[in-house]
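Scroll down for the structure; my scribbles are underneath it.
What follows is the structure, encoded as structure tokens:
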């Protein structure tokens, strides 16, 4: 539910200089021929341009002051292109500048951009000429057409006579005909320029002299297109532009010009039943056409009866609220004269308007958000032109959408429409008593759909409606409803599941306080500064912290509590139910006793519900509330005790349920047992033993880890509070656990170990601990093949014996010293070296992490109690074992190892001669800025390499990163390693030699270890190729080659053979080892694996090109031997011309010939 957010709020357009440089580069692209180099340059320029402007998508106003300058410069290539000859290809700068302009339009919006375009009358011919040269089939230059069409839409609004541009000498069509033809071509193109073409078409056709010629025929064409679209959906893409042009015509046109066409358009919409269509964009455009055609039939005058708020400035509102004794200078009531009222009543609304409103109301129910939003705005616009009586009917019809029988889409559309009506003052004060309660219901609307719900858009829209009311109405009008409104907004702000709804409610509450004044919203300023946009971003904080803050003001605790018990504890999301229960327990601290008893009674009633979510939420809420009542020292009534027993017995009888139902019941009852036990309610102990103990005994062996943990916590609380020191219960519980200790089921063993590890010290005797530890060690030392992948059981075993050991004092530990030493040995040498893999991946990682945490806890505890088992030798072993994992290629492994390593280092270092490590590693203060999961922190550990006693362990872990996967880890770790080795070598050759010797020891000791073999070879290969080992004695390298070849010739894994091939090629740089390496490579040329053979040939070919000294005995060519091939050329030709995938019997003679050329013995 929560998301980690980073907000980047910009303050100004800081990249203007960079943009200026891009414009200059664009203008300088004078070439008309696009070669590969130019294409890449243009693409790079445009990508940079897009990257810059995309940063301002959410704050586009920041570029406003620079748009004029940018556009004027970018139009220079366009004018230059217009001046060029007709037969000349367009320059690259022309199309590039149009691309730049288009993207500015995309970020800022074409309506804003148009104002900055050149608007000289003479530009019209330029636009038409350039547009006529652009083809709609060109998929590359569509942005150019978009910009030219947008430019033409501006020029079409200029007051001039088209006929003055026409000449009878050139034989061309009149200018207006040419422009209209070009617009029509682009309207049906189906690509993005159709939007600009629609705007241009509307501007052109609504000119007074043009409308008389083309408007009627164009509208008839549009109606034919509507018929085609509804008959054949495939033609929709090509018809959208035409429909948009019709919508814009009714937006830009004069009423007297367009109203005669409205009736037949509305009839066409009614005939086609547009809301039955599934194409959202089509329906949206038709809704727009419907509302705009309807508006053309209504009077232009805005209704005088509408509510008009006197002050529109928030500063004036605050000033007014600060001086309440002064009478209001401007009346806030409905402002209308009697003449206006008579005019409204006598105004005859055309019959078509009823159909218009009907379509808009149905649009509010449509299943698409964009259609509902368009319909809502249409409702607001049309209603603002209606008489008061008819407008009241519209408001009532919209309110009917907010009824239980309607779906979430209708609720959403209704809220949007009410917000639009309120913004325009079309909901009169006498209608608020109906409207506001409906919106309050919408603010908590949510319908479950199994594992998800619908209604978040409704709640968001309800908050928008409240925001609109705050802006539209005076405080005196809203005062009777303010408590309900603010309570509803705060409920959503702190208790809604969706972050956007919480933020919408917070914004609406802020607007309410700001517009209506803090005097009308008590404590408003204090609340809104805490419950702000950022604070409500985290769900847990909103539920548990902000709700508590809000509850202390103005009796908000009651609506918050009521909302939780009726809306949230039965929520479909388990996490929300848990948070709601916890929040409810906190809020009842503010509630009076009567309300608390009402809460308890309601919860007890809901625990009997058949609904799974309601039952689960009620049980955990009841547990939390009873626990809080104990803190408040409120006694529990008998009905609570009876209710708890009834719930427990019911769940005990249903423990056989499988799946989610059984898991929820088990987790809830275990939590209830824990909380009730902590409260120490006077429950019958026989009931506890026969019911609760049985439930816990069953849940302790459940497959779900969280249920087992809840059962353990429940038992510990039950024992501590009801049966402290009860030996009979101890015997029953221990027998139950030990009896199942050798179960064949992993989750049963885990449950036993988790329970044993969590038991209080008073529960188990020293002998029992000894028996448990022996049992654990015995089971861990005799693991079967099937049990080897039981990583959860291994982790539970480690956690169990760790928990038991850290409870023991020095004398107890000394009495079982041999057993403790075996445990430590297992932790260091078995658990910390567990690299078991299964179908789930590296399951041993969890075991290794558990072992690291375990040994840290044990070491720190032994040091605290001065245990003699903890010696310098053991600490050195612990440090070395953890160090292996500090440079692991697993992020979580590095995190666990790094944190625990430094806890041990700075907890024990001063007492166990670890000063050499402390001196080279970061200080305690510097660790705050170190993130061990981050790959960039590898260099921290490389400072340990020169320390002989730790170098071997560090190398052992490091090779898994430098020679393994993923690539990012390999790259960063290897780069850091090479830098460190170079630094050591430059400062102290002897130390460098020791470091490399440690690596050689690791290589020799672990090359036969399956998980390390490939990584060791890859690391050695990287070190040799880097040149860092160029001075290494060839005898050492030779021994490594022998060790590697011994492994490679017996392995059946092709990857190891290929890695060996690469290593042998790298070793060719050592002059004395060339013959040995070449012999091995030649053997690989005839191995039984074709893939290895081809790879060996490729690698050898590259190596022979690099190491030409292999052929030093080749001799020079005389003047008469110019055309004779050298041995190097012969070898290279033989390697390239041979198909190494052929049968080995064919390849052996070729291999022998190659060996002869290379001077090798056959």
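Residue numbers (the UniProt record's numbering): 1 to 1162.
The beta carbon of each residue, even a glycine, is placed where N, CA and C say it ideally should be.
Between the region 236–252 and the region 200–214, do at least 3 Cβ pairs fall closer than 8 Å? yes
Can the beta-carbon of residue 52 be found closer than 8 Å to that of residue 18? yes
Quick check on residue 911: buried or exposed, where buried means 16 or more other Cβ atoms within 10 Å of its Cβ? exposed
Using the rule of at least 16 other Cβ atoms within 10 Å of the residue's Cβ for burial, across every protein chain shown, is residue 77 buried or exposed? buried
Could you give the distance in angstroms between the alpha-carbon of residue 1198 and the alpha-carbon of residue 707? The chain is shown from 1 up to 1162; residue 1198 falls before or after that span and cannot be answered.
So residue 659 is in the alpha helix (DSSP H); what residue range does that whole segment cover? 659–679
Measure how close the beta-carbons of residue 438 and residue 501 come, nearest whole angstrom, since I'm counting them as under 8 Å. About 18 Å separates the two Cβ atoms, so there is no contact after all.
Buried versus exposed call for residue 1061 [16 or more other C-beta atoms within 10 Å across all chains shown]: buried
If we ignore side chains and look at the alpha-carbon of each, how far apart do residue 374 and residue 226 end up? 19 Å
Beta-carbon separation of residue 959 and residue 1012 under 8 Å? yes
Coarse secondary structure for residue 331, derived from DSSP in three states: Confidence in residue 331 is poor, its pLDDT being 40 and thus under 50, which makes the residue's placement too unreliable to answer from.
Is it right to say residue 302 is buried, meaning 16 or more other beta carbons lie within 10 angstroms of its own, or is it exposed? exposed
Could you check which residue in 435, 525 and 561 has the C-alpha nearest to that of residue 492? 561
For a test of the three-state rule: what should DSSP assign to residue 13, helix, strand or coil? coil
Is residue 1033 helix, strand or coil when you go by DSSP? coil
Inter-residue Cα distance where the pair is residue 883 and residue 754: 28 Å
Let's test the definition: count the other Cβ atoms within 10 Å of the Cβ of residue 512 and tell me whether it reaches 16, buried, or not, exposed. buried
Residues near residue 93 by beta carbon distance below 6 Å, same chain, minus five either side: 26, 27, 29 and 77
For residue 627 and residue 675, believed in contact at Cβ under 8 Å, the rounded distance: 4 Å
Say whether the region 941–959 touches the region 998–1006, bearing in mind that this needs 3 or more beta-carbon pairs closer than 8 Å, one atom from each stretch. yes
In angstroms with no decimal places, state the Cα-to-Cα distance between residue 1152 and residue 839. 45 Å
If we ignore side chains and look at the alpha-carbon of each, how far apart do residue 205 and residue 567 end up? 56 Å
Within a Cβ cutoff of 6 Å, which residues of the same chain sit near residue 895, ignoring the five residues on either side of it in sequence? 932 and 933
Can you list, in chain order, the residues of its chain with a C-beta nearer than 7 Å to that of residue 102? Leave out the 5 residues immediately preceding and following it. 143, 146 and 147
How would you call residue 233, buried or exposed, if buried means at least 16 neighbouring beta carbons within 10 angstroms? exposed
Coil, strand or helix - residue 447 by DSSP: strand
Three-state secondary structure assigned by DSSP to residue 425: coil
Quick one: grab the DSSP three-state call for residue 844. helix
Checking 8 Å against the spacing of the C-beta atoms, do residue 746 and residue 792 come in under that value? yes
Using the rule of at least 16 other Cβ atoms within 10 Å of the residue's Cβ for burial, across every protein chain shown, is residue 826 buried or exposed? buried
Report the residue ranges of all beta strand (DSSP E) runs contained in full by the region 367–393; include only those spanning at least 3 residues, in chain order. none
Mapping DSSP to helix, strand and coil, what is residue 830? coil
Residue 1164 - partner residues in DSSP beta bridges: Outside the displayed span of the chain (1 to 1162) sits residue 1164, for which this structure offers no information.
Complete runs of the alpha helix (DSSP H) confined to the region 865–915 [at least 4 residues]: 872–886 and 891–908
8 Å CB neighbourhood of residue 342 in its chain, flanking five on each side removed: With a pLDDT of 48 at residue 342, under the threshold of 50, the predicted position of this residue should be treated as unreliable, though the coordinate-derived value follows. Nothing listed; no residue qualifies.
Starting from residue 571 and walking both ways along the alpha helix (DSSP H), at which residues does that stretch end? Segment: none, residue 571 is in no alpha helix (DSSP H) and carries neither H nor E.
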